[in-house]
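2 protein chains.
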Amino acid sequence: MIDNKIGTYNFVAEPFHVDFTGRLTMGVLGNHLLNCAGFHAADRGFGIAELNENHYTWVLSRLAIELDDMPRQYEPFSIHTWIENVYRLFTDRNFELVNKDGVTIGYARSVWAMISMETRKPADLFTLHGENLNQYASNRECPIAKPGRIKVTSDIPLEEYQIRYSDIDINGHVNSIKYIEHILDLFPMDTFKEKQIKRFEMAYVAESYYGDTLSFYKEEKDDGSIAVEVRKNATDVVVRSKIILK
Amino acid sequence: MIDNKIGTYNFVAEPFHVDFTGRLTMGVLGNHLLNCAGFHAADRGFGIAELNENHYTWVLSRLAIELDDMPRQYEPFSIHTWIENVYRLFTDRNFELVNKDGVTIGYARSVWAMISMETRKPADLFTLHGENLNQYASNRECPIAKPGRIKVTSDIPLEEYQIRYSDIDINGHVNSIKYIEHILDLFPMDTFKEKQIKRFEMAYVAESYYGDTLSFYKEEKDDGSIAVEVRKNATDVVVRSKIILK
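Sequences listed follow chains A and B, in order.
For the first sequence, the residue numbers in the working numbering are 1 to 246.
For the second sequence, the residue numbers in the working numbering are 1 to 246.
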């Protein structure tokens, strides 16, 4: 029996989507995850297009990815996605990454808010959708920790970056995937010769725009994880990220 | 009757693959074109994987894209590809871009060399493949000019860029698509508010590597076109590009 609550989408790791080790990049995986979220929601009548008609849209708030492995160049792989919870102001959407042999090699958790396109303020999902969203909630297991709190105290930026044309999406702000790429570009390439990303977290706090300068603050924590904060124009936090290497 | 010489591949313009105007980016289109070249060659027994077994590989030398329009976010589109000519040291491969309504909205031409993976020198396609490649040559029309000569005389770089982790592909050098993104990032975003790219040319001259610094030289020509040269470590030419806006 097919569980209609779970969406499954198939991909191939394209040559320009793998890094120098031949593994799919985190940015491309993130792009696929967000596309799967979009496909799954659209197929069930609560996608961006439907929401936009009523002047609402989905906004990604948190993303946590935990991996044992990554697809290699030219390898097919699949992503399953499902909704875990619908709260008043957020939904939890999970993902499972399956390799070419049908082996699960990772999971991801994401948190989404629905906002009004006019006020940019969160919308009450219960008022707007009632039971419609909860009927899609699945109790499929997602055995990774929820996104946690990320704290960066450093006041000395490691890098500054002027936002460019290629960073900007159709909404006029830096796209969610570009932050992932810029954050991983803070690491010397040698890091990824020796280590792989075990867990990658993103907290999307605010938007940044063409003309803004992004400052990147990076610090290693006592537990060996690396925390990154991106601020725009040296003040406002835009995104935070936590990376655990293995 | 299906013409087996022509490969046709279908895509959708994904949200993170369109720019702020909602149009597919040139980098993503380039990625799709090169993937189509790979699919088409692999399906006919002369793809990278087969060549690699014999220690040869395909190298992209020139790319010229001419467009009336670009697919918009969420729109399906198709790419046709075929080989036009097989010369001793090069092949000409062409592309046709077709929009959601089946209307042709652009063409592209590319020039590829086969090189030895050991010597990195060009290999003689006739000696290696004999008639095998020529049987796939199609006389389908590609009504755009071949890639021309691009000349940049400026000695004052507009920008310098230190190559990063995300630029590097499985071969250890900057991937062909990243140059396209970096070159278009030389333009202020406002340029693409008012104008679209009518023609985009790339000449791939040499490889660049992690640790290299790229310098970008840009000049406007008498005919209104913009020529860009990218040099590594301020001396060796890596790529040249010509952009015609409309």
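We treat Cβ as the ideally placed atom computed from N, Cα and C, and that holds for glycine.
Listed by chain order, chain B residues near residue i by CB distance under 9 angstroms
i, result
"V18 of chain A", "D169, I170"
"F192 of chain A", "Y165"
Span of the alpha helix (DSSP H), counted from its first residue to its last, around residue i
i, result
"L184 of chain A", "176 to 184"
"I105 of chain B", "First-last for I105 of chain B: 104 to 116, but that is the beta strand (DSSP E), not the alpha helix (DSSP H)."
"F126 of chain A", "125 to 129"
"M189 of chain B", "Looking at the DSSP string, M189 of chain B is not in any alpha helix (DSSP H), and its letter there is neither H nor E."
"F39 of chain B", "26 to 43"
"I48 of chain A", "48 to 53"
Amino acids of chain A, ordered along the chain, whose beta-carbon sits closer than 7 angstroms to that of residue i
i, result
"Y249 of chain B", "Nothing can be reported for residue 249 of chain B, as the shown portion of chain B is limited to 1 through 246."
"Q73 of chain B", "I170"
"M189 of chain B", "Y165, I168, Y210"
Closer than 8 angstroms to chain B by CB, residue i
i, result
"P15 of chain A", "yes"
"M1 of chain A", "Confidence in M1 of chain A is poor, its pLDDT being 44 and thus under 50, which makes the residue's placement unreliable; the coordinate value appears in the next sentence. No, its Cβ sits nowhere closer than 8 angstroms to a Cβ of chain B."
"G38 of chain A", "yes"
"L31 of chain A", "Note on residue identity: the sequence assigns Asn, not Leu, to residue 31 of chain A. Cβ-Cβ to chain B under 8 angstroms: yes for N31 of chain A."
"G7 of chain A", "no"
Closer than 8 angstroms to chain A by CB, residue i
i, result
"G22 of chain B", "yes"
"R62 of chain B", "no"
"Y210 of chain B", "yes"
"N4 of chain B", "no"
"L245 of chain B", "no"
"N35 of chain B", "yes"
CB of residue i within 8 angstroms of CB of residue j, strictly
i, j, result
"A113 of chain B", "S61 of chain B", "yes"
"I150 of chain A", "K5 of chain A", "no"
"S110 of chain A", "L63 of chain A", "yes"
"I94 of chain A", "T104 of chain A", "According to the sequence shown, residue 94 of chain A is Asn rather than Ile. No, these two residues do not count as a Cβ contact at 8 angstroms."
"H247 of chain B", "G7 of chain B", "This structure leaves residue 247 of chain B out entirely; chain B is present only between 1 and 246."
"I180 of chain A", "G30 of chain A", "yes"
"L186 of chain B", "V228 of chain B", "yes"
"L245 of chain B", "K193 of chain B", "no"
"Y56 of chain B", "I144 of chain B", "no"
Neighbouring residues, chain A, relative to residue i (Cβ below 9 angstroms)
i, result
"S166 of chain B", "D19, T25, G27, E181, H182, L184, D185"
Boundaries (first-last residue) of the beta strand (DSSP E) holding residue i
i, result
"G211 of chain B", "Element bounds for G211 of chain B: n/a, residue is neither H nor E."
"G7 of chain A", "7 to 12"
"D92 of chain A", "91 to 98"
"A64 of chain B", "56 to 67"
"L158 of chain B", "Where L158 of chain B is concerned, there is no enclosing beta strand (DSSP E), given that its DSSP letter is neither H nor E."
"V152 of chain B", "No beta strand (DSSP E) holds V152 of chain B; DSSP gives it neither H nor E."
"F20 of chain B", "It is not in any beta strand (DSSP E) - F20 of chain B carries neither H nor E in the DSSP assignment."
"T81 of chain A", "76 to 86"
Chain B contact residues for residue i, given Cβ-Cβ distances below 7 angstroms
i, result
"N175 of chain A", "F16"
- request: For the segment 213 to 233 of chain B, enumerate the residues whose C-beta is nearer than 8 angstroms to any C-beta of chain E, in chain order.
  value: Among the protein chains in the structure shown, which are A and B, there is no chain E.
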